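Peer 1: Okay, here's the structure, questions in a sec.
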Amino acid sequence: LATDQGTPVQTAGRLMAVRAHGKLNFAHLQDHTGQAQLMFRQEQLAKKFELLSLIDAGDFLGVTGQMTTTKTGEVTIAVSDFELLGKTLRPIPTAWNAAERKEARFRRRYLDMLINPEVKRVLDARWLILKETRRYLQDRHGFVEVETPVFQPLYGGTNATPFVTHMNALDTEFYLRLAPELYLKRLVVGGYERIFEIARNFRNEGIDQAHQPEFTMIEWYQAYADYRQVMAVAEGLFKHLTNQLYGSSTLKVDGQEIDLAGSWRQLTMVEALRKYARLDFEALDEGSLRALLEQHQLRLIGEFTRGKAMFELFNKLAAPRIIQPTWVIDYPRDVSPLSRAHRHNPELAERFEGYIGGREIADGWSEITDPIDQRQIFENEQRRMRAGDTEAHPLDEDFLEAMEYGLPPLGGIGIGIDRMVMFLTNTWSIREVIAFPTLRPLPARPAEQTDGPSPSSSQSPSSSSSSPVSLPDRDQAEQLLEHHISNHQLRHHCRMVASAMAAYARELGENEELWYQAGLLHDLDWEAFPDQHPKKAVEEWLKDYPQELKNAVTAHAPERTGRQPQSELERYLFACDELSGFMQAVSLMRPGGFSDMKPKSVTKKLKDASFAANVSRDDISHGLELIGAEPAEHIGFLIKVFA
19 LATDQGTPVQ
29 TAGRLMAVRA
39 HGKLNFAHLQ
49 DHTGQAQLMF
59 RQEQLAKKFE
69 LLSLIDAGDF
79 LGVTGQMTTT
89 KTGEVTIAVS
99 DFELLGKTLR
109 PIPTAWNAAE
119 RKEARFRRRY
129 LDMLINPEVK
139 RVLDARWLIL
149 KETRRYLQDR
159 HGFVEVETPV
169 FQPLYGGTNA
179 TPFVTHMNAL
189 DTEFYLRLAP
199 ELYLKRLVVG
209 GYERIFEIAR
219 NFRNEGIDQA
229 HQPEFTMIEW
239 YQAYADYRQV
249 MAVAEGLFKH
259 LTNQLYGSST
269 LKVDGQEIDL
279 AGSWRQLTMV
289 EALRKYARLD
299 FEALDEGSLR
309 ALLEQHQLRL
319 IGEFTRGKAM
329 FELFNKLAAP
339 RIIQPTWVID
349 YPRDVSPLSR
359 AHRHNPELAE
369 RFEGYIGGRE
379 IADGWSEITD
389 PIDQRQIFEN
399 EQRRMRAGDT
409 EAHPLDEDFL
419 EAMEYGLPPL
429 GGIGIGIDRM
439 VMFLTNTWSI
449 REVIAFPTLR
459 PLPARPAEQT
469 DGPSPSSSQS
479 PSSSSSSPVS
489 LPDRDQAEQL
499 LEHHISNHQL
509 RHHCRMVASA
519 MAAYARELGE
529 NEELWYQAGL
539 LHDLDWEAFP
549 DQHPKKAVEE
559 WLKDYPQELK
569 NAVTAHAPER
579 TGRQPQSELE
589 RYLFACDELS
599 GFMQAVSLMR
609 PGGFSDMKPK
619 SVTKKLKDAS
629 FAANVSRDDI
639 SHGLELIGAE
649 PAEHIGFLIK
659 VFA
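Using the working numbering, you'd call the opening residue of the sequence shown number 19 and step up by one each time.
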């Protein structure tokens, strides 16, 4: 917007804040370029000023006015007319109540983008990285962007576990793409000599800070090139992207300054093990290697080979220590089934991976172009599959037939876009760099069950602010607890659950007092009437309490009452109850109690069936499903509450 005093302006956006001061109102209008302050004067707007009482933060507004400056010096639009363009039905929070609780942000990612500038920064960087990657490959190196199938009759292109689906139209099982490699090579057979694809891939494997089942990667293939030439193009890409993002060749990675300028270092995998793990791999026999794998708790899939052992030991002992830009080259052949044998050592492959900041950023190779050699590799993979390797590569006769028509000398590479964004933005959680990361789905919410007629309300059952019965004060709840529970351990458990519920309520924007009291009173009748729990308390002692609270107490024992947790309040009470009791038992075994407890120590005890054997592991697992949280996430949150 123009900032000159008196300049007429017309614009539109979303109201992010509204402040009323009698006959003078202020608001902040936001669009994708930034924010502007609005000023509404009653004397200027006349009767239309009254309509401002119907406008809320979050609404979309079109305004006409003139630029001015307030007494505090802030450039402002003095509004002479406005029009409501869109209405919000839910209030937009100005910030998350507990930033450490990531799951709430990811489930309402649209709000996260709206109110968290850091999220917008990272996603904006992602879109720029995609744009500049295309530009670099197309304009500087003459590559063509192509597309290949996501549904494939055989999985291939990497060693991983696929997703399987059934296509009704063809009555056939298909696999979701693990990698686009084999179809891209078919295009090379067809005459495309420099191609790339930015592909959505799917691998039915674990979720952690660096992996998602659905992810984005780029693969490119360059005819008449080998792995060293592909390395050079990839190195140039990372330098180009860094300059486009930051205007220089340096960036921060985990607090360390990394300079991408100059030629990157190259080490063989054997040299990397020697340099970073002080391990002379070539001097070790099979027995020594097996002992090392056992020592570092590394398990090989399928049969033992020296190549697999080298690869696992490198990933564990050397890779995390490679900080400055480095190409690790010459990988074992038996973990590189689609890479060409090394020209000087047939036990190795002409394969490389890029490492920066202790993390892999790229994986490339000289391609196998001999169909006889490729068939032998596939047959070796079949033997591994029969030996129990679920990630072994299947035999793809259609691809072998295509190869028999001839492939030129070829180099290729795969780079995870998500991981590249993590590296270039110094954001070390893959969920943070994906607009909508994969989460455990929440259970369906059926219509709210009540013991009597439902109150008229347009709010969802999870809303805890619409109860027709007011909530008694906390003192009354404490008196009920003291009167009906004499066991100090049970009282302590109830207060732990209450604290956990209050903390989650603050984070989720729910009624903190209601959630606290639901936690405090959920076991009110357990000591005196265990056979009637929790119906005794709900029907006799909690009659004056809101239905939301009584429903939550009822649903925390579904095997007794038949009511499954439905609302947010009910699901979180179920998730906090059993786990809180278990964590209390763990704390009693530790000198520091909760103060130095780690989620890992709790999950380890959960696996020990003899420890706190009366605690239901199934209920704890079901609670995690109900709130869509990973164990470490939920446990870590509770540790902070209880410490």
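Just so you know, even glycine gets a beta-carbon here, dropped at the ideal spot from N, CA and C.
Fair warning: this is a prediction, and the values are worked out from it, not measured in the lab.
1) On the DSSP letters alone, give me the boundaries of the beta strand (DSSP E) that LYS270 sits inside.
2) To which residues does DSSP link SER384 through a beta bridge?
3) In its own chain, which residues sit with a C-beta less than 6 angstroms from the C-beta of THR88, not counting the 5 before and 5 after it?
4) Return the CA-CA distance between PHE181 and GLY429, expressed in angstroms with no decimal places.
5) Is DSSP giving THR234 helix, strand or coil here?
6) Could you check where the beta strand (DSSP E) with TYR373 kicks off and where it finishes?
7) Cα separation between LYS270 and GLN227?
8) May I ask you to verify whether the stretch 442-453 touches the stretch 403-418, counting CB pairs closer than 8 angstroms and requiring at least 3?
9) In angstroms, rounded to a whole number, what distance separates the CA positions of ARG195 and THR51?
10) In its own chain, which residues sit with a C-beta less than 6 angstroms from the C-beta of PRO427, not counting the 5 before and 5 after it?
11) The beta strand (DSSP E) with ILE95 in it runs from where to where?
12) Starting from the Cα of ASP543, find the closest Cα among THR572, ILE657 and SER517 and give me that residue.
13) Can you pull the DSSP bridge partners for VAL346?
14) What first and last residue would you give for the alpha helix (DSSP H) that runs through HIS39?
15) Buried or exposed: GLY470, going by 16 or more other Cβ atoms within 10 Å of its Cβ?
16) Which residues mark the beginning and the end of the alpha helix (DSSP H) in which ASP130 is found?
17) Assuming SER46 contacts GLN55 (C-beta within less than 8 angstroms), just tell me the rounded distance between them.
18) Would you give the residue range spanned by the alpha helix (DSSP H) that VAL182 belongs to?
19) With distances taken between CB atoms, is the gap from GLU199 to GLY432 smaller than 9 angstroms?
20) Hey, which unbroken runs of the alpha helix (DSSP H) at 4 residues or more fall wholly within the stretch 185-227?
21) Is ILE653 near PHE612, with beta carbons less than 9 angstroms apart?
22) Helix or strand or just coil, what does DSSP make of ARG59?
23) Determine the closest residue to HIS6 out of HIS229, GLY527, MET57 and ARG158, with distance taken between C-alpha atoms.
24) From the DSSP output, in three-state form, read off ALA647 for me.
25) From GLY24 to THR86, what does the alpha carbon distance come to, in whole angstroms?
26) Under 8 angstroms, with one C-beta from each stretch per pair, do the stretch 609-626 and the stretch 506-522 reach the 3-pair mark?
27) How would you label GLY641, buried or exposed, when you count the other beta carbons within 10 angstroms and need 16 or more for buried?
28) Any idea what DSSP makes of SER357, helix, strand or coil?
29) What are the boundary residues of the alpha helix (DSSP H) that includes MET438?
30) Residues in the same chain with beta-carbon distance under 7 angstroms from GLU422, minus the five sequence neighbours each way, listed in chain order, please.
31) If you reduce the DSSP assignment to three classes, tell me which class THR82 lands in.
32) Take the Cβ of HIS501 as the centre, count every other Cβ of all protein chains shown within 10 Å, and call the residue buried at 16 or more, exposed below.
33) Could you tell me whether the Cβ atoms of ASP666 and GLY372 are closer together than 9 angstroms?
34) What did DSSP end up calling LEU297 once you bin it into helix, strand or coil?
35) Buried or exposed: which applies to GLU101, given that a residue is buried once 16 or more other Cβ atoms fall within 10 Å of its Cβ?
36) So who's on the other strand from HIS229, going by DSSP bridges?
Peer 2: According to the structure data:
1) For the purposes of this step, residue 270 is taken as residue 252 along the sequence shown, with counting starting at 1. Annotation: the continuous beta strand (DSSP E) that includes LYS270 extends over 268-271.
2) What you label residue 384 is simply residue 366 of the sequence shown in a count that begins at 1. In the DSSP assignment, SER384 forms a beta bridge with GLY429.
3) Taking the first residue of the sequence shown as 1, we reach residue 88 at position 70. For THR88, where only same-chain residues beyond five positions count, the Cβ hits under 6 angstroms are THR94.
4) On the sequence shown, position 163 is the one that residue 181 refers to. On the sequence shown, position 411 is the one that residue 429 refers to. Looking at the two C-alpha atoms, the distance is approximately 28 angstroms.
5) Along the sequence shown, read from residue 1 onward, the residue named residue 234 stands at position 216. THR234 carries a strand assignment under DSSP once its states are collapsed to helix, strand and coil.
6) Residue numbering aside, residue 373 sits at position 355 when the sequence shown is read from its first letter. Unbroken beta strand (DSSP E) run through TYR373: 366-374.
7) The residue given as residue 270 occupies position 252 in the sequence shown. The residue given as residue 227 occupies position 209 in the sequence shown. For LYS270 and GLN227, the distance between alpha carbons rounds to 19 angstroms.
8) Taking a cut-off of 8 angstroms on C-beta distances, the stretch 442-453 does not touch the stretch 403-418, as fewer than three cross pairs fall below it.
9) Within the sequence shown, numbered from 1, the residue matching residue 195 stands at position 177. Within the sequence shown, numbered from 1, the residue matching residue 51 stands at position 33. If I take the Cα positions, the gap works out to 37 angstroms.
10) Indexing the sequence shown from 1 puts residue 427 at position 409. Only TYR242 meet the Cβ criterion.
11) Walking along the sequence shown from the start, residue 95 turns up at place 77. Going by DSSP, ILE95 is part of the beta strand (DSSP E) stretching over 93-104.
12) For the purposes of this step, residue 543 is taken as the residue at position 525 of the sequence shown. It is THR572 whose Cα lies nearest to the Cα of ASP543.
13) Your numbering for residue 346 matches position 328 in the sequence shown. Partner(s): LEU285 and GLU371.
14) Sequence index remark: in the sequence shown, residue 39 carries index 21 (1-based). Premise fails: HIS39 lies in the beta strand (DSSP E), 26-39, not in any alpha helix (DSSP H).
15) Your numbering for residue 470 matches position 452 in the sequence shown. Bear in mind that the predicted position of GLY470 carries a pLDDT of just 39, short of 50, making it unreliable; the figure below should be weighed with that in mind. In the assembly as shown, GLY470 is an exposed residue. Its beta-carbon has fewer than 16 other beta-carbons within 10 Å.
16) In the sequence shown, counting from the first residue as 1, residue 130 sits at position 112. Taken as a continuous stretch (DSSP letters only), the alpha helix (DSSP H) holding ASP130 covers 127-133.
17) The sequence position of residue 46 within the sequence shown is 28, counting from 1. The sequence position of residue 55 within the sequence shown is 37, counting from 1. The sequence shown places His at residue 46, not Ser. Sure, about 6 angstroms apart at Cβ, within 8 angstroms.
18) Residue 182 sits at position 164 when you count from the first residue of the sequence shown. If you look at VAL182, you'll find it isn't in any alpha helix (DSSP H); it sits in the beta strand (DSSP E) that goes 182-185.
19) Sequence index remark: in the sequence shown, residue 199 carries index 181 (1-based). Sequence index remark: in the sequence shown, residue 432 carries index 414 (1-based). For GLU199 and GLY432, yes; Cβs fall inside 9 angstroms.
20) Runs of the alpha helix (DSSP H) inside the stretch 185-227: 199-207.
21) Mapped onto the sequence shown, residue 653 falls at position 635. Mapped onto the sequence shown, residue 612 falls at position 594. No.
22) As a working mapping, residue 59 is identified with position 41 in the sequence shown. In this structure, ARG59 counts as strand in the three-state DSSP scheme.
23) In the structure as shown, the chain starts at 19 and stops at 661, and residue 6 therefore has no counterpart that could be examined.
24) Counted from its first residue, the sequence shown places residue 647 at position 629. Coil.
25) Start at 1 with the first residue of the sequence shown, and residue 24 comes out as number 6. Start at 1 with the first residue of the sequence shown, and residue 86 comes out as number 68. Each residue's alpha carbon lies about 6 angstroms from the other.
26) No contact exists between the stretch 609-626 and the stretch 506-522.
27) Residue 641 sits at position 623 when you count from the first residue of the sequence shown. With 16 or more other Cβ atoms within 10 Å, it is buried.
28) Residue numbering aside, residue 357 sits at position 339 when the sequence shown is read from its first letter. Strand.
29) Counting from 1 along the sequence shown, the entry for residue 438 is found at position 420. Per DSSP, the unbroken alpha helix (DSSP H) holding MET438 starts and ends at 435-443.
30) Along the sequence shown, read from residue 1 onward, the residue named residue 422 stands at position 404. Leaving aside the five residues that flank GLU422 on each side, the residues in its chain whose CB is nearer than 7 angstroms to its CB run, in chain order, PRO389.
31) In the sequence shown, the residue the question calls residue 82 occupies position 64. Residue state for THR82 is assigned as strand, using DSSP reduced to three classes.
32) Within the sequence shown, the letter at position 483 stands for residue 501. Exposed is the call here.
33) Residue 666 is absent from the model: the chain starts at 19 and stops at 661.
34) Stepping through the sequence shown from its first residue, residue 297 is reached at position 279. Residue state, collapsed to three classes: coil.
35) Numbered from its first residue, the sequence shown carries residue 101 at position 83. Flag for GLU101 reads exposed.
36) Counted from its first residue, the sequence shown places residue 229 at position 211. Answer by DSSP bridge pairing, in chain order: ASP226.
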